[in-house]
Amino acid sequence: MSGGEPGRVSPGRAVLGAAGVLLTAYGVWLLLSRQDLERNLDVALWLAGGVLVHDVLLGSVVIVVSLLATRLLPAVARPAAGAGLVVLGSLTLLAVPFLGGFGRENAPDNPTLLDRDYTAGYLVLVATVIIVVVLPVLLHSLRARREQR
Amino acid sequence: MTAMPTVRETSHLRSAAVAARVGRWLGICFGIAFLTGLVSHYAQNPSQPIPFPTSPAWGYRLTQGLHVTTGIACIPLLLVKLWSVLPLLVRGLPADWAGRARDGAERASIAVLVSASVFLLVTGLLNSTQWYPWDFSFRRSHYALAWVATGALLLHLAVKLPTIREALGRDVDDTALDRPGAVARGGLSRRGLLRSTWVAAGLAVLATAGSTVPWLRRVSVLGVRSGDGPGGVPVNRTASAAGVVESAQSPAYRLVVGYAGTTVSLTRDDLLAMPQRSEGLPIACVEGWSASAVWTGVRLRDLLDLVDAPRGAEVEVTSLQERGAFRATLLQENFADDDRTLVALALSGEPLDLDHGYPARLIAPNRPGVLQTKWLSRLEAVT
Chain A
5 MSGGEPGRVS
15 PGRAVLGAAG
25 VLLTAYGVWL
35 LLSRQDLERN
45 LDVALWLAGG
55 VLVHDVLLGS
65 VVIVVSLLAT
75 RLLPAVARPA
85 AGAGLVVLGS
95 LTLLAVPFLG
105 GFGRENAPDN
115 PTLLDRDYTA
125 GYLVLVATVI
135 IVVVLPVLLH
145 SLRARREQR
Chain B
672 MTAMPTVRET
682 SHLRSAAVAA
692 RVGRWLGICF
702 GIAFLTGLVS
712 HYAQNPSQPI
722 PFPTSPAWGY
732 RLTQGLHVTT
742 GIACIPLLLV
752 KLWSVLPLLV
762 RGLPADWAGR
772 ARDGAERASI
782 AVLVSASVFL
792 LVTGLLNSTQ
802 WYPWDFSFRR
812 SHYALAWVAT
822 GALLLHLAVK
832 LPTIREALGR
842 DVDDTALDRP
852 GAVARGGLSR
862 RGLLRSTWVA
872 AGLAVLATAG
882 STVPWLRRVS
892 VLGVRSGDGP
902 GGVPVNRTAS
912 AAGVVESAQS
922 PAYRLVVGYA
932 GTTVSLTRDD
942 LLAMPQRSEG
952 LPIACVEGWS
962 ASAVWTGVRL
972 RDLLDLVDAP
982 RGAEVEVTSL
992 QERGAFRATL
1002 LQENFADDDR
1012 TLVALALSGE
1022 PLDLDHGYPA
1032 RLIAPNRPGV
1042 LQTKWLSRLE
1052 AVT
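Protein sequences, first through last, are from chains A and B.
Residues in the first sequence are numbered from 5 upward in steps of one, following the working numbering.
Residues in the second sequence are numbered from 672 upward in steps of one, following the working numbering.
Encoded structure:
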């Protein structure tokens, strides 16, 4: 899927692509001209690290969880498990800096920063997802199976 | 399609139909985050060819709230988007050299897009919780990579436009654009996956937006701020972190107002003896939280009149802080002349808390929180 027929690019697409290349080049110039090399090496590390953590670490976890789910779960429960994985997986990643409370270490004297009970909040979120996403999908699958019989 | 699948990846969910639909919302959210980010950087720029407006007072609160909220919504959207196109990462190489060159160029542009996007979302999220496990400047790097990501996104759109058009024009369950062999079903349907993705993005927003949307405060279990704080307003940087605990409470404290060699030194009592005004103005932090409150103090214009500074003068604002990027800031002329701009001495009817900038702080309409200088020591009008 390399996008349309090569060799025949409309003027609109060509302008869009050229604008994209210019904007990217401007961003690279901004990065290199406003920060010393040592800091930019750290940026490069985070750029590469983000992709590696996503593609390798997170990718493997998702593959293993999906495999386990297809092996262990009855077919009727798989759509609910899939929906649960999408919603809870992404919300759990979002919750990491809150659950860890790492920002508080930089500002130990600021009681107004990260000032909620995030463990309780996360558990409420998990319960909400199970009630509004996982259970309805499961019930839908069960009903569909009963109708098929 | 000359690519050969090198791993057995057969899920019918990983398809152009899903990628285009998630990508559409991801692109919209990225676009809003990019534009509101530009607004925020412009508002913080000391030199503004087009003056940043002072009205509406809640303008920056809205744009920066949108910036962080759309960024948060992108987290589930990007995860599902990348998952849906994973087979393209492990596809085989085309047989001919021209095809390989094209394939390599496209892969390189996608690598730039993905790495910059992940970087923006991760650093933005961590920054909103004030966690900085890196050595680079967040502000500069996040800004530069926003241009990189937006450029790479436009290029990606240019390359994929025919596929996107076709995928969005067909039914989501249409298989015409699918990879060969991508027929495995049994789990979620495509509609189910899309619905789950929208729910994930919606819940991510609801769980965090309460830091800037007051009526969501109770439900935002992952808000960076509950909204509590002295005078009902959270604190970004405390007096002890800024190193001003002693100087701010010293009996020798004076606010110096100057223009063209004339200076006036005022104690807090002198300021309290001047006509007091109250304004309801939001404090909106670049990190995305905001709160509205009633501030009371002396109108900045009244102070400038003490030293005969003319209208249209800019004001160099200096804090008692000895370090920090925002120790000294520039207040542009339209902010200096706006009647709502105050040197605040009280918040919500109570004397200003030390952490809110006691003895005196600047508060102006439609201005990023970092520029609402606390612990004022000097106001110098310049023309």
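From the three backbone atoms N, C-alpha and C, an ideal C-beta is built for every residue, glycine too.
Checklist line | Proximity test, Cβ basis, 8 Å: residue 772 of chain B and chain A | finding: no
Check: Is it right to say residue 1010 of chain B is buried, meaning 16 or more other beta carbons lie within 10 angstroms of its own, or is it exposed?
Finding: exposed
Next item on the list: Would you kindly work out how many angstroms separate the C-alpha atoms of residue 708 of chain B and residue 742 of chain B, rounded to a whole number?
Entry: 10 Å
Check: Does DSSP put residue 937 of chain B in a helix, in a strand, or in coil?
Finding: strand
Item checked: Length at least 4, wholly inside the stretch 41-93 of chain A: the alpha helix (DSSP H) runs in chain order -> 41-56 and 63-76
Check: How about the stretch 798-805 of chain B and the stretch 98-113 of chain A: do they share at least three Cβ pairs that are nearer than 8 Å?
Finding: yes
Item checked: Cβ-based neighbour list, residue 913 of chain B, same chain, cut-off 6 Å, excluding 5 preceding and 5 following -> 992
Check: Taking Cβ to Cβ, would you say residue 1012 of chain B is nearer than 8 Å to residue 1048 of chain B?
Finding: no
Next item on the list: Kindly indicate which three-state DSSP category residue 922 of chain B falls into: helix, strand or coil?
Entry: coil
Note to self: Pop quiz: residue 971 of chain B and residue 872 of chain B are said to be a contact at Cβ under 8 Å. What is the actual Cβ separation, rounded to whole angstroms?
What the structure shows: The Cβ separation is near 42 Å, so there is no contact.
Notebook entry, point to check: So which residues on chain A does residue 747 of chain B lean against when the C-beta distance must stay under 9 Å?
Noted result: 90, 91, 93, 94, 95, 97 and 98
Notebook entry, point to check: For residue 921 of chain B, is the classification buried or exposed, using 16 other Cβ atoms within 10 angstroms of its Cβ as the cut-off for buried?
Noted result: exposed
Note to self: At the 8 Å Cβ level, is residue 892 of chain B part of the contact set with chain A, yes or no?
What the structure shows: yes
Margin query: With distance defined between alpha-carbon atoms, name the residue in B:938, B:933 and B:773 nearest to residue 923 of chain B.
Written below: B:938
Next item on the list: Within the same chain, show all residues whose beta-carbon is closer than 7 Å to that of residue 744 of chain B, passing over the 5 residues directly before and after it, in chain order.
Entry: 700, 872, 875 and 876
Notebook entry, point to check: Along chain A, in chain order, which residues have C-beta atoms closer than 8 Å to that of residue 909 of chain B?
Noted result: 111, 113 and 114
Check: Can you tell which of B:725, B:688, B:715 and B:1043 has its C-alpha closest to the C-alpha of residue 1004 of chain B?
Finding: B:725
Check: Going straight from the alpha carbon of residue 82 of chain A to that of residue 66 of chain A, what length do you get?
Finding: 14 Å
Next item on the list: Tell whether a beta-carbon distance below 8 Å holds between residue 893 of chain B and residue 99 of chain A.
Entry: yes
Check: What does residue 179 of chain A touch in chain B if you count any residue whose Cβ is under 8 Å from its own?
Finding: Examination of residue 179 of chain A is not possible in this model, given that chain A is present from 5 through 153 alone.
Notebook entry, point to check: residue 930 of chain B bridges to which residues according to DSSP?
Noted result: B:933 and B:1052
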